[in-house]
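Below: the structure, in structure tokens.
There are 4 protein chains.
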Amino acid sequence: MTHKIAILGASGYTGAELIRLIAGHPDMEIVALSGERKAGMTIAEVFPHLRHMTNLPTLCRIDEIDFSDVDLCFCALPHKTSQEVIRDLPATLKIVDLSADFRLRDPAAYKKWYGNDHAALAQQDEAVYGLTEFYRDQIKGARLVAGTGCNAATGQFALRPLISAGVIGLDDIILDMKCAVSGAGRSLKENLLHAELSEGYNAYAIGGTHRHLGEFDQEFSALAGRPVKVQFTPHLMPVNRGILATTYVSGDAQAIYDTFTAAYADEPFISVLPFGTGPSTHDVRGSNFVHIGVTGDRIEGRAIVIVALDNLTKGSSGQALQNANLMLGIEETTALMMAPLFP
Amino acid sequence: MTHKIAILGASGYTGAELIRLIAGHPDMEIVALSGERKAGMTIAEVFPHLRHMTNLPTLCRIDEIDFSDVDLCFCALPHKTSQEVIRDLPATLKIVDLSADFRLRDPAAYKKWYGNDHAALAQQDEAVYGLTEFYRDQIKGARLVAGTGCNAATGQFALRPLISAGVIGLDDIILDMKCAVSGAGRSLKENLLHAELSEGYNAYAIGGTHRHLGEFDQEFSALAGRPVKVQFTPHLMPVNRGILATTYVSGDAQAIYDTFTAAYADEPFISVLPFGTGPSTHDVRGSNFVHIGVTGDRIEGRAIVIVALDNLTKGSSGQALQNANLMLGIEETTALMMAPLFP
Amino acid sequence: MTHKIAILGASGYTGAELIRLIAGHPDMEIVALSGERKAGMTIAEVFPHLRHMTNLPTLCRIDEIDFSDVDLCFCALPHKTSQEVIRDLPATLKIVDLSADFRLRDPAAYKKWYGNDHAALAQQDEAVYGLTEFYRDQIKGARLVAGTGCNAATGQFALRPLISAGVIGLDDIILDMKCAVSGAGRSLKENLLHAELSEGYNAYAIGGTHRHLGEFDQEFSALAGRPVKVQFTPHLMPVNRGILATTYVSGDAQAIYDTFTAAYADEPFISVLPFGTGPSTHDVRGSNFVHIGVTGDRIEGRAIVIVALDNLTKGSSGQALQNANLMLGIEETTALMMAPLFP
Amino acid sequence: MTHKIAILGASGYTGAELIRLIAGHPDMEIVALSGERKAGMTIAEVFPHLRHMTNLPTLCRIDEIDFSDVDLCFCALPHKTSQEVIRDLPATLKIVDLSADFRLRDPAAYKKWYGNDHAALAQQDEAVYGLTEFYRDQIKGARLVAGTGCNAATGQFALRPLISAGVIGLDDIILDMKCAVSGAGRSLKENLLHAELSEGYNAYAIGGTHRHLGEFDQEFSALAGRPVKVQFTPHLMPVNRGILATTYVSGDAQAIYDTFTAAYADEPFISVLPFGTGPSTHDVRGSNFVHIGVTGDRIEGRAIVIVALDNLTKGSSGQALQNANLMLGIEETTALMMAPLFP
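Protein chains in written order, with the numbering used here: chain A, 38 to 380; chain B, 38 to 380; chain C, 38 to 380; chain D, 38 to 380.
This is the structure in structure tokens:
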């Protein structure tokens with residue numbers, strides 16, 4: 038059975054990544070692609086790398102889509118826009134949202150991190166958090182799934198099992214994150230120009246101001262049953278894909294390692310490396326895989342957990358497709374087992 | 038039916054690319070991987086980006102492989118080594134060779150460009166040139182197919198239809214080629230270090246000394262029925278994948294364009310762009326697609342033909358798999374329709 | 038004696054490069070920096086890499102500058118704006134313009150390539166073309182010098198001596214140019230984003246539409262005493278600095294080589310490499326040097342001339358300072374002999 | 038007065054950087070360049086980017102140098118080799134060593150981190166640690182100065198004033214370091230190839246095994262008057278120059294900031310950014326400058342200190358020249374005030 042798929046916001050990077058992945062999906066067919074400013078253009082005009090996909094619909098405005106013909110809709114719109122659009126979509130339509138709009142369950146937390154009142158409180162209440170490996174059962178039955186932040190996903194792969202198992206201290210967790218530029222989207226900003234970004238790097242949102250902290254606070258505190266606040270410093274890297282989270286924790290490295298191997302033993306996309314080795318973003322590029330390494334520090338009782346994934350795939354569009362597979366009753370890994378691109 | 042596949046020389050870039058592609062192939066199973074210096078290592082140790090492929094055999098020496106169990110063997114060995122190995126393989130084994138050893142039909146031409154006497158003349162005589170789109174019928178029935186050089190493939194996509202159709206002059210053809218570094222393989226040379234290569238570029242093998250000229254001479258002269266010598270200058274680019282051939286020819290640009298659209302109309306991997314536009318290596322990265330653009334110059338009677346492809350995929354391992362599909366009676370495009378990776 | 042310098046348009050890349058170079062100049066002092074949209078900002082705010090230069094003036098609007106206090110003014114404004122500004126500057130002020138506005142002597146040629154009528158015909162008539170090595174004497178006495186296009190400079194270093202000496206054919210010259218992205222300036226365009234540009238490359242302005250052709254036509258035709266039209270295809274490279282011109286000509290390679298060694302024997306910034314070798318943009322990065330290589334092709338009577346320079350330095354701001362030195366009676370190489378940055 | 042300079046190990050990156058810097062030095066003249074494997078080659082053959090320096094001596098073997106003619110010798114040799122060479126140099130020759138051999142004062146510490154017994158104990162005892170800003174007086178009178186590790190320098194700029202002032206906790210210091218590839222030198226290793234390094238990144242020497250920890254332990258413990266052990270994780274970045282140290286400390290951010298502004302008030306190369314902002318390696322590239330930023334975390338009592346410098350300049354050869362200036366009685370900043378290269 039072929040499921041009919043719409044992608045709203047198809048002209049951005051996560052939209053293009055969804056199309057790339059779904060192109061290899063035996064049970065999905067893209068029937069609508071929206072792009073407000075690029076409505077009327079073919080996908081070959083918007084993304085020449087997809088020009089061989091001659092069966093794709095031309096981009097249209099959202100209000101031109103007949104959603105009665107759609108089984109599942111991916112929403113790759115900017116946050117704030119997303120909630121307004123989703124609020125007005127048919128109440129029975131299955132939706133995977135890639136924006137930040139439905140990640141935070143508490144409207145006050147949403148307002149704190151994003152600045153505006155939430156415009157779709159009913160949908161916010163209904164939404165299931167989309168970190169597949171930890172919300173699988175809820176996602177299977179969900180109508181609306183909120184894709185996680187790419188940094189938020191990476192940090193949670195590093196910390197959730199450890200917090201759940203109680204093998205690390207909760208008051209001195211540090212997430213030093215190195216993030217590829219595609220995470221910033223296709224926006225025209227001076228610091229995203231090749232001439233400004235290549236050949237160097239820097240931290241940003243220093244001191245605990247990055248919005249993905251809202252997700253960390255929500256999820257880690259819920260897991261721990263008490264408030265947990267991590268330190269999180271993202272860095273902008275001169276590469277296009279990849280996130281590397283270097284996580285500093287207190288705890289026994291071997292216990293941490295054993296916790297991971299147990300927690301992720303049956304996960305098709307998560308690979309725990311041999312003890313004492315670390316992952317590289319080179320090795321997950323373009324794929325839905327997550328590599329995790331654990332090393333004990335020379336300082337007793339301290340350990341380093343490093344997680345690598347591709348921000349556009351496992352950190353965003355790959356995760357979204359994984360969730361969509363679950364929501365539609367399709368085998369979870371379908372169209373997601375492609376190998377990373379190296380070199 | 039599942040065909041059993043061996044890959045000799047699996048620890049190089051073209052070997053890794055073969056594994057990446059075959060991993061998605063429904064009708065192939067890798068039963069042997071050789072790597073003389075890395076024999077005994079798992080693929081996860083040699084290529085961490087392939088560590089999720091837990092079913093792959095451990096690397097072994099060639100003499101450890103039982104070829105009676107193999108349906109088709111990819112040979113990704115260095116040239117000269119390749120001919121010695123292939124000479125001694127079972128005479129009935131289907132082989133796709135990725136080296137330079139069987140590209141040139143004339144032993145004298147081989148010696149001129151590669152310096153040594155050919156050690157497997159019988160096999161050289163038997164080999165079919167592996168430029169799929171132009172040797173499809175012979176490849177279907179071949180036992181031994183010689184993969185083309187990556188530059189040689191690119192240049193031939195730009196020129197073969199034009200020479201055949203007689204729409205360009207034959208005495209003033211210039212191929213200015215921009216080549217990604219993975220074409221040089223995994224060799225430890227100073228000029229291939231990141232610190233030496235990134236942030237700049239240069240020509241090499243200037244003046245007509247690059248060995249892929251042997252292929253151009255052989256093929257273009259055969260097509261034209263007279264000697265054809267092109268000028269060819271390769272440039273080493275600070276990127277990992279991609280070849281862009283900027284081809285300067287005399288002829289009518291519209292006639293050239295029409296020749297391409299006719300010649301490539303039914304080719305699943307070749308896309309002729311709208312007249313007057315040019316391709317980008319960004320748009321074919323990691324894929325088996327070829328993009329071709331034609332533009333007329335302001336100087337009457339002069340045209341520019343630009344071809345972009347991924348040197349590791351369509352220029353090497355993707356081409357090899359395409360040929361293997363044909364040799365095994367599998368649909369030609371199987372496992373090769375994945376979209377390019379962008380960004 | 039210290040000369041007082043103003044830089045108009047100081048917030049772009051060529052402005053920053055001028056400041057970098059002049060910072061090491063013993064006989065120049067920057068007294069005014071303009072930037073209309075960034076007026077009121079310090080240089081440290083606009084260019085954090087220059088924050089150690091605490092003596093620099095704050096950016097201002099052009100109409101705030103007292104030009105009676107200025108000995109020489111660099112104009113790094115966009116074309117069209119530049120002519121309007123320069124027209125209204127004091128008629129005795131020495132000016133080095135880095136825009137395209139005064140490069141073409143013929144108002145009709147200007148209109149053909151830039152689309153608008155020239156708004157400062159008197160100044161256009163007065164301007165001296167700023168290719169230092171070939172206009173040195175006129176530049177010494179000039180009031181207004183028009184900096185060349187960066188591609189135009191590169192191509193002329195490759196071809197002027199050869200056209201003058203009559204050692205190459207004039208009807209089959211091809212300039213295949215590989216250009217760093219900083220040549221496009223600090224403009225917010227999608228194709229200049231890191232995510233879109235890095236990891237690949239493409240030709241642009243294919244077929245003879247690049248505006249620097251106006252300079253080639255003007256200069257080469259004047260040298261030859263007859264119309265000369267070259268083919269010129271620029272390519273956008275994923276690096277920040279550097280131009281490499283691969284030039285295909287007919288002629289005797291040795292005669293070409295001898296012509297270069299004679300023509301450039303006394304030039305402090307131009308280096309002719311050993312015969313048969315080619316330059317690399319890696320080796321001129323951040324410097325005012327030009328490297329030239331000549332190689333004979335395997336096709337008799339054909340030669341390849343390759344020129345490498347840094348588009349922001351020798352191709353623009355370094356050239357401008359070299360000219361300013363001459364105009365002010367300062368030793369020509371002052372503040373310009375810094376070594377390239379490698380790696 | 039012109040001082041005569043020798044550079045041993047001139048064919049590596051730090052050697053080339055020394056030549057680049059000294060080329061602009063009014064009081065130094067290079068009289069000898071050694072390179073054992075490249076003896077007999079000109080600098081233009083070894084480093085084409087230095088080919089304009091036609092006055093440089095040809096590379097020679099160390100035993101060919103007449104050190105009686107040398108005022109100061111830079112030693113850019115591999116560690117272990119360096120101590121054997123320096124042991125046998127004239128006892129009165131001023132030396133700046135760039136290797137690791139004389140950084141650690143304790144022979145046992147040396148053996149622990151480097152594995153071998155020290156072969157030049159007398160010289161080890163005599164050597165002054167070369168972190169200029171903190172050892173300035175001793176360096177002025179030193180005969181042998183040991184250049185610091187590039188990571189070690191970066192981390193000490195971030196932490197020395199804070200430890201001295203007692204404004205941070207000593208038991209929970211974390212240095213997350215992002216290091217450019219040129220720090221690994223010109224060595225032919227697979228992971229340093231462009232195809233393996235570009236487009237991604239990873240941690241290495243995880244868990245406290247990097248040798249620069251020997252310097253951190255020695256220096257921080259001496260400052261604190263008690264053992265201090267930091268956590269230090271270096272990451273290999275796909276860029277050629279730059280180190281960014283993201284330092285996590287406990288303490289009051291404002292007190293930390295005030296400590297820095299006081300400590301570095303008179304330092305010509307160190308710039309403390311406005312409170313709450315962070316530096317970028319883009320802004321120090323190719324220069325001897327250090328940028329430091331301090332931000333308070335959302336978690337009370339936690340602060341982030343970020344330091345950026347160029348590993349080859351301030352982290353190695355620039356530091357070496359700064360020290361040599363002091364040792365020779367030359368103004369400390371001579372030939373070191375060049376602006377960074379951006380873009």
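For every residue, glycine included, the Cβ atom is placed at its ideal position computed from N, Cα and C.
| Segment limits, alpha helix (DSSP H) that includes residue 144 of chain D | What you label residue 144 of chain D is simply residue 107 of the fourth sequence in a count that begins at 1. Counting along the chain, the unbroken alpha helix (DSSP H) around residue 144 of chain D starts and ends at 144 to 151.
| Interface residues of chain A facing residue 232 of chain D [CB-CB closer than 7 Å] | Translated into the one-based positions of the fourth sequence, residue 232 of chain D becomes position 195. Within chain A, the residues near residue 232 of chain D are 380.
| request: Compute the distance between the beta-carbons of residue 167 of chain C and residue 184 of chain C, then report whether it is under 8 Å. | output: Counted from its first residue, the third sequence places residue 167 of chain C at position 130. Counted from its first residue, the third sequence places residue 184 of chain C at position 147. A distance below 8 Å separates the beta carbons of residue 167 of chain C and residue 184 of chain C.
| request: Can you give me the start and stop residues for the alpha helix (DSSP H) that residue 200 of chain C sits inside? | output: Locating residue 200 of chain C in the third sequence gives position 163, where the first residue counts as 1. Residues 187 to 202.
| Where does residue 360 of chain A land, buried or exposed, given buried means 16+ other C-beta within 10 angstroms? | The residue you call residue 360 of chain A lines up with position 323 of the first sequence. Residue 360 of chain A is buried by the Cβ-count criterion.
| task | Give me the Cα-Cα distance between residue 237 of chain A and residue 344 of chain D, rounded to the nearest whole angstrom. | result | Here residue 237 of chain A refers to the residue found at position 200 of the first sequence. Here residue 344 of chain D refers to the residue found at position 307 of the fourth sequence. Distance between the alpha carbons of residue 237 of chain A and residue 344 of chain D: 13 Å.
| query | Listed from N- to C-terminal order along the chain, which residues in the region 234 to 249 of chain D have their beta-carbon within a distance smaller than 9 Å of any beta-carbon of chain A? | reply | Residues of the region 234 to 249 of chain D whose Cβ lies closer than 9 Å to any Cβ of chain A, in chain order: 234, 235, 236, 237, 238, 239, 240, 241, 243, 244, 245, 246.
| request: Could you please give me the residues that DSSP links to residue 69 of chain A through a beta bridge? | output: Mapped onto the first sequence, residue 69 of chain A falls at position 32. Residue 69 of chain A pairs with A/43.
| said: In chain order, what are the residue ranges of uninterrupted alpha helix (DSSP H) at least 4 long that sit wholly in the region 266 to 328 of chain C? | reply: 290 to 300
| Nearest candidate by alpha-carbon position, reference residue 224 of chain A, set A/50, A/89, A/213 | Here residue 224 of chain A refers to the residue found at position 187 of the first sequence. Residue A/50 holds the alpha-carbon nearest to the alpha-carbon of residue 224 of chain A among A/50, A/89, A/213.
| By DSSP, does residue 173 of chain A sit in helix, in strand, or in coil? | The count along the first sequence starts at 1 and reaches residue 173 of chain A at position 136. Residue 173 of chain A falls in the helix class under three-state DSSP.
| request: Take residue 351 of chain B and list the residues in its own chain whose beta-carbon comes closer than 8 Å to its own, dropping the five residues that flank it on each side. | output: Here residue 351 of chain B refers to the residue found at position 314 when the second sequence is read from its first residue. Answer for residue 351 of chain B: 190, 306, 321, 324, 325, 326, 327, listed in chain order.
| When burial is assigned at 16 or more other CB atoms within 10 Å of the CB, is residue 101 of chain A buried or exposed? | Stepping through the first sequence from its first residue, residue 101 of chain A is reached at position 64. Label assigned to residue 101 of chain A: exposed.
| said: What does DSSP give as the partner residue(s) for residue 234 of chain C in the beta ladder? | reply: As a first step, residue 234 of chain C is located in the third sequence; it is residue number 197 there, counting from the start. DSSP lists no partner for residue 234 of chain C.
| query | Taking 8 Å as the CB-CB cut-off, is residue 87 of chain C touching chain D? | reply | Residue mapping note: residue 87 of chain C aligns to position 50 of the third sequence, counting from 1. Chain D, which has a Cβ nearer than 8 Å to the Cβ of residue 87 of chain C, makes this yes.
| Is the shortest distance between the beta-carbon of residue 275 of chain C and the beta-carbons of chain A less than 8 Å? | For the purposes of this step, residue 275 of chain C is taken as the residue at position 238 of the third sequence. Taking Cβ atoms only, chain A reaches closer than 8 Å to residue 275 of chain C, which makes this a yes.
| query | Taking Cβ-Cβ distances shorter than 8 Å, what residues in chain D pair up with residue 336 of chain A? | reply | The residue you call residue 336 of chain A lines up with position 299 of the first sequence. In chain order: 245, 266, 268.
| said: Between the region 248 to 255 of chain D and the region 237 to 257 of chain B, can you find at least three pairs of beta-carbon atoms closer than 8 Å? | reply: no
| query | So, is the C-beta of residue 315 of chain C closer than 8 Å to a C-beta in chain D? | reply | Here the question's residue 315 of chain C lines up with position 278 in the third sequence. Any Cβ of chain D closer than 8 Å to the Cβ of residue 315 of chain C would place that residue at the interface, and such an atom is absent.
| request: Provide the residue span of the beta strand (DSSP E) that contains residue 111 of chain A, from first to last. | output: Here residue 111 of chain A corresponds to residue number 74 of the first sequence, with the count starting at 1. 109 to 112 is the extent of the beta strand (DSSP E) around residue 111 of chain A.
| said: Check whether chain D comes within 8 Å of residue 138 of chain A, counting only Cβ atoms and requiring the distance to be less than that. | reply: Counting from one through the first sequence, the residue named residue 138 of chain A turns up at place 101. Cβ-Cβ to chain D under 8 Å: no for residue 138 of chain A.
| request: With distances taken Cα to Cα, identify the nearest neighbour of residue 181 of chain B among B/215, B/201, B/159, B/302. | output: Position 144 of the second sequence, counted from the first residue, corresponds to residue 181 of chain B. Out of B/215, B/201, B/159, B/302, B/159 has the C-alpha closest to the C-alpha of residue 181 of chain B.
| query | Can a CB atom of chain D be found closer than 8 Å to the CB of residue 295 of chain A? | reply | Indexing the first sequence from 1 puts residue 295 of chain A at position 258. Output row for residue 295 of chain A: interface = no.
| Helix or strand or just coil, what does DSSP make of residue 332 of chain B? | Position 295 of the second sequence holds residue 332 of chain B. Of the three classes helix, strand and coil, the one that applies to residue 332 of chain B here is strand, per DSSP.
| Proximal residues to residue 46 of chain A (C-beta, below 6 Å), its chain only, five neighbours per side dropped | Locating residue 46 of chain A in the first sequence gives position 9, where the first residue counts as 1. Cβ within range, chain order: 52, 113, 114.
| Is there contact between the region 193 to 206 of chain D and the region 281 to 294 of chain D, where contact requires at least three CB pairs shorter than 8 Å? | Because the criterion of three Cβ pairs below 8 Å is met, the region 193 to 206 of chain D and the region 281 to 294 of chain D touch.
| Is there contact between the region 262 to 280 of chain C and the region 207 to 221 of chain C, where contact requires at least three CB pairs shorter than 8 Å? | yes
| From which residue to which residue does the alpha helix (DSSP H) around residue 57 of chain C run? | Within the third sequence, numbered from 1, the residue matching residue 57 of chain C stands at position 20. Segment 50 to 59, the alpha helix (DSSP H) holding residue 57 of chain C.
| task | Report yes or no: do three or more beta-carbon pairs, one from the region 87 to 102 of chain C and one from the region 60 to 77 of chain C, lie closer than 8 Å? | result | yes
| request: Under 8 Å by Cβ, that's how I've got residue 372 of chain A and residue 62 of chain A pegged, so tell me the actual separation to the nearest angstrom. | output: Position 335 of the first sequence holds residue 372 of chain A. Position 25 of the first sequence holds residue 62 of chain A. Rounded, the Cβ-Cβ distance is 4 Å, consistent with contact.
| Nearest residue (CA-CA) to residue 64 of chain D, options D/379, D/187, D/369, D/201 | On the fourth sequence, residue 64 of chain D is found 27 positions in, with the first residue counted as 1. Nearest of D/379, D/187, D/369, D/201 to residue 64 of chain D, Cα basis: D/369.
| field | Host beta strand (DSSP E) of residue 210 of chain D (start-end) | value | Counted from its first residue, the fourth sequence places residue 210 of chain D at position 173. Segment: none, residue 210 of chain D is in no beta strand (DSSP E) and carries neither H nor E.
| query | How long is the line joining the alpha carbons of residue 333 of chain B and residue 339 of chain B, rounded to whole angstroms? | reply | As a first step, residue 333 of chain B is located in the second sequence; it is residue number 296 there, counting from the start. As a first step, residue 339 of chain B is located in the second sequence; it is residue number 302 there, counting from the start. So the alpha carbons of these two residues sit roughly 6 Å apart.
| residue 162 of chain A, buried or exposed, once every other Cβ within 10 Å from all chains shown has been counted against 16 | Position 125 of the first sequence, counted from the start, is the residue given in the question as residue 162 of chain A. So residue 162 of chain A counts as exposed.
| message | Output needed in chain order: residues of the region 130 to 155 of chain D with a Cβ under 8 Å from some Cβ in chain B. | response | none
| request: Could you check the C-alpha separation between residue 186 of chain A and residue 261 of chain A for me, to the nearest Å? | output: Reading the first sequence from its first residue, position 149 is the one you call residue 186 of chain A. Reading the first sequence from its first residue, position 224 is the one you call residue 261 of chain A. Answer to the nearest angstrom: the Cα atoms are 20 Å apart.
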